[in-house]
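Residue numbers (the working numbering): 5 to 140.
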Amino acid sequence: MKTEHNILEKVDRKTGYTVPDNYFDSVRSKILENLPEYQEKKPGKISMWRKVQPYIYMAAMFAGIWCMMKMFHMMTTTDLSLDNPPESVALAMADPDHADWYAPSDNSDFFILEEDICSQYSSIEDFKNDFDNPNL
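Here you go:
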């Protein structure tokens with residue numbers, strides 16, 4: 005199949021549509037002549053509702069957000085887990101008979117593990133050597 009490279013020359017670049025002479029020079033004046041006169045409207049009195057409307061809408065929006073948050077708070081449970089609800093933990097901590105399970109007594113030694121480790125190792129290099137040992 006033979007392709008033609010000069011298609012535009014063949015059709016002579018004419019689309020069949022033409023614009024009358026001096027059309028764009030006179031079109032603006034013709035349009036302006038046909039338009040009716042513009043009548044300015046005087047601003048009317050603004051009603052009280054129009055003045056307070058944005059504030060009322062904003063108050064309604066914040067009230068809706070507050071209601072949503074209240075509903076979300078009511079839907080959540082107060083328990084952190086099934087095993088230890090916070091109310092039970094708080095009651096147990098307030099009970100003086102069960103105070104020993106969360107607070108150490110005055111006679112207890114807090115640093116038993118630290119003292120045990122210090123007594124086993126004479127220097128930090130010995131401690132590092134033990135932990136770098138792959139057999140442990």
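Glycine included, C-beta positions come from ideal geometry on N, C-alpha and C.
None of these values were measured; they are calculated from a predicted model.
Quick check: what's the CA-CA separation for MET62 versus THR80?
27 Å
What number of angstroms, rounded off, separates the C-alpha of PRO24 from the C-alpha of GLN57?
55 Å
Among residues of its own chain, excluding the 5 on either side of CYS122, which ones have a beta-carbon nearer than 8 Å to its beta-carbon?
none
Please report the distance separating the alpha-carbon of ASP134 from that of PHE76.
54 Å
At the level of alpha carbons, what is the spacing between ALA64 and TYR21?
60 Å
Could you compute how far the alpha carbon of ILE35 sits from the alpha carbon of PHE66?
51 Å
Grouping DSSP H, G and I as helix and E and B as strand, with all else coil, what is LYS132?
helix
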